Amino acid sequence: MMENAWFIPLFPLISFLILLVFGKRLKESSAYIGMALTFIAFVYSLLVLVERFGNPTFKQEGTWLTIGEFNLTAGFEVNQLNALMLVIVSLVSFLVHMYSKGYMHGDERFPVFYAYLGLFTFAMLGLVISPNLLQTYIFWELVGVGSFLLIGFYFYKEEARAAAKKAFIMTRIGDVGLLIGMILLFWQVESIEYDEIFAAVEAGAISPGMITLTAILIFVGAIGKSGQFPLHTWLPDAMEGPTPVSALIHAATMVAAGVYLVAATFPLFAASEAAMLTVAIVGGVTAIFAASIGLAQTDIKRVLAYSTVSQLGYMMLALGSAGYVAGVFHLMTHAFFKALLFLAAGSVIHAVHTQNIEEMGGLWKKLRLTGPLFLIGTLAISGVPLFSGFFSKDEILIAAWAHGNYVLFWLAVIAAFFTAFYMFRLFFMVFSGESRGESKNVHESPSVMTIPMIVLGVLAVVAGYVNTPWFGTFLGDWLTEGTEALGHGHIEGPAWIMLVATVVSLLGILLAYLMYSKRSIARDWFSSRFPFVYSIVSNKYYIDEFYQVSIVYATKGISLFLKFIDDFIVGGIVNAVGSGTKGFGKTIAKLQNGQVQLYSSVAFVGLAILIVILALTGGYLR
Amino acid sequence: MSSVPLSAYLTLALILFCIGLYGALSKRNTIIVLISIELMLNAVNINLVAFSRFGVSANITGQIFALFVVAIAAAEVAVGIAILISLYRNKRTVNIDEMDSMKH
Numbered sequence: 057m058m059e060n061a062w063f064i065p066l067f068p069l070i071s072f073l074i075l076l077v078f079g080k081r082l083k084e085s086s087a088y089i090g091m092a093l094t095f096i097a098f099v100y101s102l103l104v105l106v107e108r109f110g111n112p113t114f115k116q117e118g119t120w121l122t123i124g125e126f127n128l129t130a131g132f133e134v135n136q137l138n139a140l141m142l143v144i145v146s147l148v149s150f151l152v153h154m155y156s157k158g159y160m161h162g163d164e165r166f167p168v169f170y171a172y173l174g175l176f177t178f179a180m181l182g183l184v185i186s187p188n189l190l191q192t193y194i195f196w197e198l199v200g201v202g203s204f205l206l207i208g209f210y211f212y213k214e215e216a217r218a219a220a221k222k223a224f225i226m227t228r229i230g231d232v233g234l235l236i237g238m239i240l241l242f243w244q245v246e247s248i249e250y251d252e253i254f255a256a257v258e259a260g261a262i263s264p265g266m267i268t269l270t271a272i273l274i275f276v277g278a279i280g281k282s283g284q285f286p287l288h289t290w291l292p293d294a295m296e297g298p299t300p301v302s303a304l305i306h307a308a309t310m311v312a313a314g315v316y317l318v319a320a321t322f323p324l325f326a327a328s329e330a331a332m333l334t335v336a337i338v339g340g341v342t343a344i345f346a347a348s349i350g351l352a353q354t355d356i357k358r359v360l361a362y363s364t365v366s367q368l369g370y371m372m373l374a375l376g377s378a379g380y381v382a383g384v385f386h387l388m389t390h391a392f393f394k395a396l397l398f399l400a401a402g403s404v405i406h407a408v409h410t411q412n413i414e415e416m417g418g419l420w421k422k423l424r425l426t427g428p429l430f431l432i433g434t435l436a437i438s439g440v441p442l443f444s445g446f447f448s449k450d451e452i453l454i455a456a457w458a459h460g461n462y463v464l465f466w467l468a469v470i471a472a473f474f475t476a477f478y479m480f481r482l483f484f485m486v487f488s489g490e491s492r493g494e495s496k497n498v499h500e501s502p503s504v505m506t507i508p509m510i511v512l513g514v515l516a517v518v519a520g521y522v523n524t525p526w527f528g529t530f531l532g533d534w535l536t537e538g539t540e541a542l543g544h545g546h547i548e549g550p551a552w553i554m555l556v557a558t559v560v561s562l563l564g565i566l567l568a569y570l571m572y573s574k575r576s577i578a579r580d581w582f583s584s585r586f587p588f589v590y591s592i593v594s595n596k597y598y599i600d601e602f603y604q605v606s607i608v609y610a611t612k613g614i615s616l617f618l619k620f621i622d623d624f625i626v627g628g629i630v631n632a633v634g635s636g637t638k639g640f641g642k643t644i645a646k647l648q649n650g651q652v653q654l655y656s657s658v659a660f661v662g663l664a665i666l667i668v669i670l671a672l673t674g675g676y677l678r
Numbered sequence: 084m085s086s087v088p089l090s091a092y093l094t095l096a097l098i099l100f101c102i103g104l105y106g107a108l109s110k111r112n113t114i115i116v117l118i119s120i121e122l123m124l125n126a127v128n129i130n131l132v133a134f135s136r137f138g139v140s141a142n143i144t145g146q147i148f149a150l151f152v153v154a155i156a157a158a159e160v161a162v163g164i165a166i167l168i169s170l171y172r173n174k175r176t177v178n179i180d181e182m183d184s185m186k187h
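Protein chains in written order, with our numbering: chain A, 57 to 678; chain B, 84 to 187.
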C-alpha cells in the first residue's frame, strides 16, 4: 500500500474535477461523489498507517526538472508523522463532507462547495506527504487557495469577501518568510530535500547563525498559517466561511499545517537553541493572549476561533520546548475535539440561526445529541482528566517544565485556566438556563450531521489513550522510533504537574459554573470593576485597529502616492503625446477640403519651388 | 523655311500653357476648366512637334506622339464631359467650387 500512497491525494482531486465539470448537473447528489472519494482516501490512509507500523519509512522520488547540475525531484514520503497526518486529514475531511450534506442543504452553490472541499483536501493531503521543501511550498500555497475560496464562499457578503482577502494576504506575509528560508537553505545545502538538509545540519555543514536564521524564517511561515501572534488576526475573521469549513480548515487541518511544518523540519529547529526559544515564546504568548481574548467574545464561532489560536500556541510551545511528541499528540487530539466543537457549533447555529451566544440558552433540552457532544468537546479542550485533551496538554506542560521554560510553563497553566473558563462560559451560555432568543421551533440536526459528530465525540474521548503515562506511550515511542533528533517518546516530569493541570481546569469550570449557570457571582463582576481591562480584551487588544492605522494606512498612502505618479506624470506624458499627434492630424486634415483647384495649385506651387531649388543648387543639397 | 527659330515655338507653347494653367486653377465653370486643360495639352503638342523638327536628333517620333496626345485628349474630354453632365443632373450646377463632396 505504501508504494502507492501518492494515490491518496488524487481521490479528492478527482472529486474536485468531476464536480467542477458535472457539478451543475449533479446538484446535491455531488455530496455522494465527494463523500465516496474522500472515504476511499481515508480507508487508503488508514491502510497506509497500519502498514507503516510494521515497516520502515517509504520514500520515492523521480526527477522533475534538471537545471544545470541540480536535479529537482518530486515524490512522496511516508514516515510516521506523514502517515498520522494522512489519517487525521482524510478522516476529518470525510466527516466534514458528510456533515456538509446536511448543513449546506438548499444552498445554491452546493456542488461548488463540494468541489472546493475536494480541492482543499487534495492540497492538504499532498502537503503532508511532500518529501522536500519546494513541494511542501507548492501545496502550502494550494491549501491557502482552498482556504481563500471557502472563506469567501458567501462572497455576496461584504465581511466574507474582506475575510477571505485578509486570510490570504496575512498568510502570504508568513509565506514570504518561508520562501526566503527555503532559498537560504538551498543556497547552503544545495538541496531542498528534508533528509539532505537534516544530514547537513547534523554534519555541521551549516553555520549555527544560518541554522537559526533559516529555522526562524520557516517558523514565520508557520506563524502565518497557524495564526500565531502577531499574524493571528485573520483566523477569527475566517469564521465568515461556512461552519463545516471552519471545522475542517480553520480548526483541524490547515491551521495545523504550520505546526506540521515545524514538526517536519524539527531537526533543523532542534539544532538551534535560539530558534527553539523563539518558537516556544511565540507559542506560549499566543496561547495566553488568544485565550484571554476568548474570555470576552460573544460570537460562538469566534470564541472557538480564539481557542484554536490558543491551542495552536500550545502546540508551538510544545515543539519549542523539545516536546516533539507532545506537539504532534496535541495536534491530533485537537483536530478531533476542535472539529467536534465546530461541527456541534454548526449544529447549534443550524438550529437557532444566530451566532450570538447572548441570544441562545436553554438548548440542552432541545438538542439532545448536540448538547452532550458539545460537552464532550468542551471537557476535552478544558483538559478534564480522562478526556483526550487532558493527556496531550499534560504532555505539553511537562515538556515546557522539563525544558526549563518555567515562565512559559506558568503562562500555559494560566492559559489552561482561561481555556476551561471560557469554554464552559460558552457551554453554559448556550445550553443552560432559559432561552434568550426568539427562535421557536428549535430542532435537532438530521442524522447526516449528527453521525460525524458522534464519531468525533468518540475520538475526542479515546484519542488520548494512545499516549498516556498510565497505559504506555505508544504514539510517542512510535513517532520517535529509529531517530535521535526528535527527542524521546515520553518526557518524565514531576507528578504534581498533572495535578496542577487538573486543579486549574476544574477551577475554571467551577468559576464558569458559578458565573454563568448558578449566577452566584454576577456576570459583570470583573467587567464592572476593571472596565479598562475588559474593553481592551473584548476589543482583541486593538490589534486589528493597530494594523489598520499603521500598516494598512501606510500602504494606502504609498499606493495613493504611486497612483498619483502613474496618473499624472506617466499618464500625462502618454496622453500629451497622443493628443498632440491627434491635434496635428486634425489641423492637417483641414487642408483636404474637396476644392480640386486648391489641390492643383498647391501641387503647382510645390513643383515650382522644387524647380527653383533645382535651378539654384544644381540638384545637390549642401 | 527655317526663318522661325525654335525659341518662338517654345515661347508660344509656354504662353499657351500658362494661360491653360491659369484657367484650370482659377475658373469656376467646370467647362472652362476642361477647355483650359485642352490648352495645356496643346501647348505640350507644340513642344513635341517643335522638338521633332529642331531637336538634337530630329525624327518623326515627336509628331507621332503628338497624334497620340490628340487622340487621348479627345477621349479624356469625352469622359470628362460625361462625368460633368452626370454631376450636373445630380447637383444642378457646373460650378467647380460646389463639387467638394470628397473631403475630410
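Beta carbons are placed, not taken as given, at the ideal position from N, Cα and C, and that holds for glycine. The structure displayed is predicted, hence computed values, not measured ones.
Query raised in the report: Does residue 174 of chain B get closer than 7 Å to chain A when you measure Cβ to Cβ?
Result: no
Report task. Give the straight-line distance between the Cα atoms of residue 338 of chain A and residue 486 of chain A, rounded to the nearest whole angstrom. Result -> 32 Å
Query raised in the report: So which residues on chain B does residue 660 of chain A lean against when the C-beta distance must stay under 9 Å?
Result: 104, 108
**Report entry** is_contact[residue 641 of chain A, chain B] using C-beta, thresh 7 Å
**Finding:** no
Query raised in the report: In chain order, what residues of the same chain lie with their CB nearer than 6 Å to the CB of residue 248 of chain A, ignoring the 5 residues before and after it?
Result: 188, 189, 190, 242
Report task. Within the same chain, show all residues whose beta-carbon is closer than 6 Å to that of residue 105 of chain A, passing over the 5 residues directly before and after it, in chain order. Result -> 139, 143
**Report entry** 8 Å contact criterion, which residue 295 of chain A and residue 357 of chain A should meet: CB distance rounded
**Finding:** 4 Å
Query raised in the report: From residue 131 of chain A to residue 59 of chain A, what distance separates their C-alpha atoms?
Result: 11 Å
Report task. List the endpoints of the continuous alpha helix (DSSP H) containing residue 151 of chain B. Result -> 144-174
Requested in this report: May I ask you to list, following chain order, the residues of the stretch 140-172 of chain B that have a beta carbon less than 8 Å from some beta carbon of chain A?
Outcome: none
Query - residue 185 of chain B at chain A interface by Cβ criterion, 7 Å - result: yes
Query raised in the report: What residue ranges within the stretch 269-312 of chain A form continuous alpha helix (DSSP H) runs of no fewer than 4 residues, ordered along the chain?
Result: 290-293, 299-303
Requested in this report: Note the first and the last residue of the continuous alpha helix (DSSP H) segment covering residue 123 of chain A.
Outcome: Run containing residue 123 of chain A: none in the alpha helix (DSSP H); it sits in the beta strand (DSSP E), 114-123.
Query - Cβ separation of residue 369 of chain A and residue 335 of chain A, assumed to be a contact under 8 Å, to the nearest whole Å - result: So it is not a contact: roughly 10 Å between Cβ atoms.
Requested in this report: Could you tell me if residue 293 of chain A is buried or exposed, where buried requires 16 or more neighbouring beta carbons within 10 angstroms of its beta carbon?
Outcome: buried
Requested in this report: Pick helix, strand or coil for residue 130 of chain A, following the three-state DSSP scheme.
Outcome: strand
Query raised in the report: Would you say the stretch 497-507 of chain A touches the stretch 145-162 of chain A, given that touching needs at least three Cβ pairs under 8 Å?
Result: yes
Report task. Flag this pair as yes or no: are the beta carbons of residue 200 of chain A and residue 177 of chain A separated by less than 7 Å? Result -> no
Query raised in the report: Considering only the beta carbon of each residue, do residue 318 of chain A and residue 387 of chain A sit closer than 7 Å?
Result: no
Query - residue 89 of chain B, buried or exposed, once every other Cβ within 10 Å from all chains shown has been counted against 16 - result: exposed
**Report entry** Three-state secondary structure (DSSP) of residue 112 of chain B
**Finding:** strand
Query - For residue 501 of chain A, the nearest candidate out of A:286, A:374, A:184, A:405 (CA to CA) - result: A:405
Query - Contact with chain B by residue 631 of chain A, beta-carbon distance below 7 Å - result: no
Query - For residue 188 of chain A, three-class secondary structure by DSSP - result: strand
Requested in this report: Identify, in the order they occur along the chain, each residue of the same chain with its Cβ nearer than 7 Å to the Cβ of residue 184 of chain A, setting aside the five sequence neighbours on each side.
Outcome: 138, 141, 142, 145, 316
Query raised in the report: What residue from A:568, A:442, A:498 has the CA that sits closest to residue 515 of chain A's CA?
Result: A:442
Requested in this report: Taking 7 Å as the cut-off, decide whether the C-beta atoms of residue 512 of chain A and residue 359 of chain A are in contact.
Outcome: no
Query raised in the report: So what's residue 354 of chain A in DSSP terms, helix, strand or just coil?
Result: coil
Query raised in the report: Using the C-alpha atoms, what's the distance from residue 631 of chain A back to residue 623 of chain A?
Result: 10 Å
Query raised in the report: Which one or two residues does DSSP pair with residue 528 of chain A in a beta bridge?
Result: A:524
Query raised in the report: Do you know whose CA, among A:551, A:465, A:304, A:343, lies nearest residue 397 of chain A's CA?
Result: A:304
Query raised in the report: Is residue 331 of chain A closer than 7 Å to residue 325 of chain A when the C-beta atoms are compared?
Result: yes
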